[in-house]
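Below is one structure, written out as structure tokens; comments come after it.
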Amino acid sequence: MRQGGEGSAEPSVRLDGVTKRFGDFTAVRDLKVDIPRGQFFTMLGPSGCGKTTTLRMVAGFEEPTEGRVLLDGEDVTDRPAFRRSTNTVFQNYALFPHLSVERNVAFGLQRRKVDKAEIRRRVSDELERVGLAAEAKRRPAQLSGGQQQRVALARALVNRPAVLLLDEPLGALDLKLRKQLQVELKRIQREVGITFVYVTHDQEEALTMSDRIAVMNRGAIEQVADPEAVYERPATTFVAGFIGVSNLMPGEVVSANGAATELRLDAGPTVRTAESGGARRGERAHAVVRPEKLVLRPAGDFADDGRASVEGQVESSLYMGTATQMMVRLADGTRMTVLVPNVDVDARRRLPSPGDPARLSWSDENIHIVREAMA
Amino acid sequence: MEARTAPAPTAQREAGVPAARGPRDRHRGGSLLDLGLNFYALLALVYLLVPIAVILVFSFNDPRGRFNFIWEEFSLDAWGDPFGVPGIREALVNSIEIAALSTLAATALGTLTALALVRYEFRGRAPINFFIFIPLATPEVVLGAALLSLFLNNAVATGFGTIVIAHIMFSLSFVIITVRSRLIGFDRSLEEAAQDLGATPWQTFRLVTLPLIMPGVLSAALLAFALSVDDFVITNFNAGSTVTFPLFIWGAARVAVPPQIYVIASMIFLFTLAMMLLTVWQQRRAERMAAVRSEPEEA
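Those sequence lines, one after another, are chains A and B. By our numbering, the letter at position 283 of the first sequence is numbered 283, and the numbering carries on one by one without gaps. Whatever position you read off the second sequence (first residue = 1), add 1000 for our numbering.
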């Protein structure tokens, strides 16, 4: 039951129209997700978007108001947490303060009446894996935050759950340690091959660790895709804005057929892309382009290279070491962020200064069309 | 050398006042004020402890006559034969049995009530939170008389059983309030973690909740025990023919006050003191365990 048959077609986790309401407030709205076995799946969104509530419904701490939760094809909606094949790494770790590290880690195996010698072996193996073998006899309060985090991970993983649920597990740690543990977590996940469901509000964390990301906003999923697709081809303006810095240029769809979509920007030019993002002719939509994919030149220095371009005025310039971040205001008032890599001193010197007119160009293949609102 | 560099604590020690802080982090002006405050605290302590000291001292007295009120000479006779007075052993055994039973029952009942009051939203929670204070504020005479008329009207014979019932009743509020204060601020995610790891609700309570609220439960039990052992008023109403230690003293005082009474009282005091120290030690340990160290991360 713990580890279902390898390669079975059933997803590790399936949320089937799950809704959770607290009184009048809808925390999670009609979620439908399948998470295949062994995937590192991340739920990403701002606080209050329903990602933690969703995780708690998978763990069995909250009961869905509507819909079903399935683990390995089995409906566990009415099953309490202690009878589910999931384990959780809590945001505050929730280590038992009255038990030693060793006994914390052994807790789950003892509940399952595993043989004593076997428990001892698996606990010490697991503590070895997270590099805490020397701390086995200590109490959680005697450990640093990073060590406590590792104990929490060991305590969950030692049970070899079918699914490991992680609720912002690195949120309380400082940046350097967080980076280090991100790599460690990813390595461990590959090693044990367990399905990870990871909740975070940190988009960088999500992009670097995940196989697939669900971007959530106000109780609903806005997009489920792999990190590259979420970044390069955001499905909604929310996703475009939440993940990294995006430039949104408003416009109107002037033609849309299977082959191509044309969007006439309010700022002037018309862009043409192969995909429509679901937009139909006559609709309002946005062209999304990432700051690093724009090319900035002084207004006079315009070479007709066949790329679409638009004129604006430089508002500010911020030196950031590897790149310079320029803010450009277009004719229709849209503000664009441009990231110019600091390749050489000469190129930097040619950049327009604040107040100067400038021209932004891009190649249409880096443009992505997003509708104003999700259907 | 030491006496020269740190004269302040020496002076304080002579005055019989313990130094509150090291000499270095104190200003000159504050020193006198501290001394005054410490002296004041000492007076309060003396006020509290003198009666107990008298009991301890007089338990070693060898009185002329039947009343142990005037110091005559030091003697170990009473300590050598604490049960040398007829009836005193039975009274003490009754008191201890009643205290043990009522403490057990009141602690179990009160702990569960506190859990319900803190954990669950239910109809009547607010009134109950208010009602548990009523027995504390009601005069004991009223409670004792009310209980007696309740027992008489229901044809319940007063005696050992009714004393236990009465003691459970008046200990309950103290237990609930003590345990409740420990439960407020209890990290619920610890219980979720236990369930997440496969612990049933009962295992979660036994292995996680109870050990963590144990200091509160122990204090509550100690309080209940002390309240029961020394209760006179309510017990007197509901005792029937059963004699507890306080009732025994009351009865005996009319004809004699042997030093044995002081010996037993001293024993009860020393026992309570030992239990209190144990509880304090246990609490310290629990706090140490729960304290999260905030030291810089190792790389």
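For each residue, glycine too, the CB sits at the ideal point set by N, CA and C.
Simplified DSSP state of residue 1272 (chain B), which is helix, strand or coil: In the three-state reduction of the DSSP assignment, residue 1272 (chain B) falls in the helix class.
Using the beta-carbon of each residue, which ones in chain B are nearer than 8 Å to residue 94 (chain A)? Residue 94 (chain A) reaches chain B at 1187, 1189, 1190, 1192, 1193, counting residues in chain order whose Cβ is nearer than 8 Å.
With a threshold of 9 Å between beta-carbons, can residue 1243 (chain B) be considered close to chain A, or not? Using beta-carbon distances, residue 1243 (chain B) does not count as an interface residue toward chain A, since no partner is under 9 Å.
Quick check on the burial criterion: 16 or more other C-beta atoms within 10 angstroms. Buried or exposed for residue 319 (chain A)? Classification for residue 319 (chain A): exposed.
According to DSSP, is residue 1167 (chain B) part of a helix, a strand, or is it coil? In this structure, residue 1167 (chain B) counts as helix in the three-state DSSP scheme.
Would you tell me roughly how many angstroms separate the C-alpha atoms of residue 343 (chain A) and residue 168 (chain A), rounded to the nearest one? Their Cα atoms are separated by approximately 37 Å.
Give me the residue from A:61, A:121, A:234 with the minimum Cα distance to residue 1190 (chain B). Minimum Cα distance to residue 1190 (chain B) is reached at A:61.
Alpha helix (DSSP H) runs wholly inside the stretch 1056 to 1124 of chain B, at least 4 long, in chain order: Runs of the alpha helix (DSSP H) lying entirely within the stretch 1056 to 1124 of chain B, each at least 4 residues long, are 1077 to 1080, 1088 to 1119 in chain order.
With C-beta atoms as the reference, is residue 123 (chain A) less than 9 Å away from residue 86 (chain A)? Result no, Cβ atoms of residue 123 (chain A) and residue 86 (chain A) do not sit closer than 9 Å.
Please name the residues in the stretch 309 to 343 of chain A whose beta-carbon is closer than 8 Å to at least one beta-carbon of chain B, in chain order. None of the residues of the stretch 309 to 343 of chain A has a beta carbon lying less than 8 Å from any beta carbon of chain B.
Is the stretch 76 to 85 of chain A touching the stretch 1164 to 1171 of chain B, taking contact as three or more C-beta pairs under 8 Å? Verdict: no, contact absent.
In chain order, each beta strand (DSSP E) run of at least 3 residues that lies wholly inside the stretch 59 to 92 of chain A: DSSP runs (the beta strand (DSSP E)) wholly in the stretch 59 to 92 of chain A: 66 to 71, 86 to 89.
List, from N- to C-terminal side, the beta strand (DSSP E) runs of 3 residues or more that fit wholly inside the stretch 236 to 304 of chain A. Fully enclosed beta strand (DSSP E) runs of 3 or longer: 247 to 256, 261 to 265, 270 to 273, 284 to 289, 295 to 298.
Compare the beta carbon distance of residue 225 (chain A) and residue 233 (chain A) with 9 Å and say whether it is the shorter of the two. Using a Cβ distance threshold of 9 Å, residue 225 (chain A) and residue 233 (chain A) count as a contacting pair.
Helix or strand or just coil, what does DSSP make of residue 44 (chain A)? Note: residue 44 (chain A) maps to strand in three-state DSSP.
With a CB to CB cut of under 6 Å and the five nearest residues on each side skipped, what residues in its chain are close to residue 51 (chain A)? Correct list, in chain order: 43, 45, 199, 216.
Using a Cβ-Cβ distance cut-off of 9 Å, determine whether residue 1022 (chain B) contacts chain A. Below a pLDDT of 50, predicted positions are generally treated as unreliable, and residue 1022 (chain B), at 45, falls in that range; the measurement from the model is reported next regardless. Taking 9 Å as the threshold, the shortest C-beta distance from residue 1022 (chain B) to chain A does not fall below it.
CB-CB under 7 Å to residue 339 (chain A), same chain, minus the five flanking residues each way: which ones, in chain order? So the qualifying residues of the chain are 291, 292, 323, 325.
For a quick check, are the C-beta atoms of residue 1227 (chain B) and residue 1217 (chain B) less than 9 Å apart? Contact annotation: residue 1227 (chain B) and residue 1217 (chain B) have beta-carbon atoms that are not nearer than 9 Å.
Taking only beta carbons into account, state which residues of the stretch 1194 to 1205 of chain B come closer than 9 Å to chain A, listed in chain order. Identification of residues in the stretch 1194 to 1205 of chain B having a C-beta nearer than 9 Å to some C-beta of chain A yields 1194, 1195, 1196, 1197, 1198, 1199, 1200, 1201, 1203, 1204, given in sequence order.
Own chain, CB closer than 8 Å to residue 97 (chain A), minus 5 neighbours either side, in chain order: The answer, listed in chain order, is 139, 140, 141.
Could you have a look at residue 1231 (chain B) and say whether DSSP puts it in helix, strand or coil? Coil at residue 1231 (chain B), not helix or strand.
Taking buried to mean at least 16 other C-beta atoms within 10 Å of its own C-beta, is residue 1148 (chain B) buried or exposed? The residue in question, residue 1148 (chain B), is buried, as its Cβ has 16 or more Cβ neighbours within 10 Å.
Considering only the beta carbon of each residue, do residue 1103 (chain B) and residue 1224 (chain B) sit closer than 9 Å? For the pair residue 1103 (chain B) and residue 1224 (chain B), the CB atoms are nearer than the 9 Å cut-off.
With burial defined as no fewer than 16 other Cβ atoms inside 10 Å of the residue's Cβ, what is the status of residue 13 (chain A): buried or exposed? Counting Cβ neighbours within 10 Å, residue 13 (chain A) comes out buried, since at least 16 surround it.
Alpha carbon of residue 1115 (chain B) to alpha carbon of residue 1161 (chain B), nearest angstrom: Their backbone Cα atoms lie some 27 Å apart in a straight line.
Could you give the uninterrupted runs of the alpha helix (DSSP H) lying entirely in the stretch 153 to 208 of chain A, keeping only those of 4 residues or more? Counting whole runs of 4 or more residues, the stretch 153 to 208 of chain A contains the alpha helix (DSSP H) stretches 175 to 192.
Short Cβ contact (9 Å threshold) for residue 1258 (chain B) with residue 1066 (chain B): The answer is yes: Cβ separation under 9 Å.
Suppose the cutoff is 7 Å on Cβ atoms and the five residues either side in sequence are ignored; what does the same chain contact list for residue 1107 (chain B) look like? Answer for residue 1107 (chain B): 1175, 1217, 1220, 1221, 1224, listed in chain order.
Mind checking the stretch 112 to 130 of chain A against chain B and listing, in chain order, the residues whose C-beta falls within less than 9 Å of any C-beta there? Residues passing the 9 Å Cβ filter: 112.
Closer than 7 Å by beta-carbon distance: list the chain B residues that pair up with residue 108 (chain A), in chain order. One finds 1197, 1198 in chain B with Cβ atoms closer than 7 Å to the Cβ of residue 108 (chain A), taken in chain order.
Under a CB-based cut-off of 9 Å, is residue 1208 (chain B) close to chain A? With its beta carbon less than 9 Å from one in chain A, residue 1208 (chain B) belongs to the interface.
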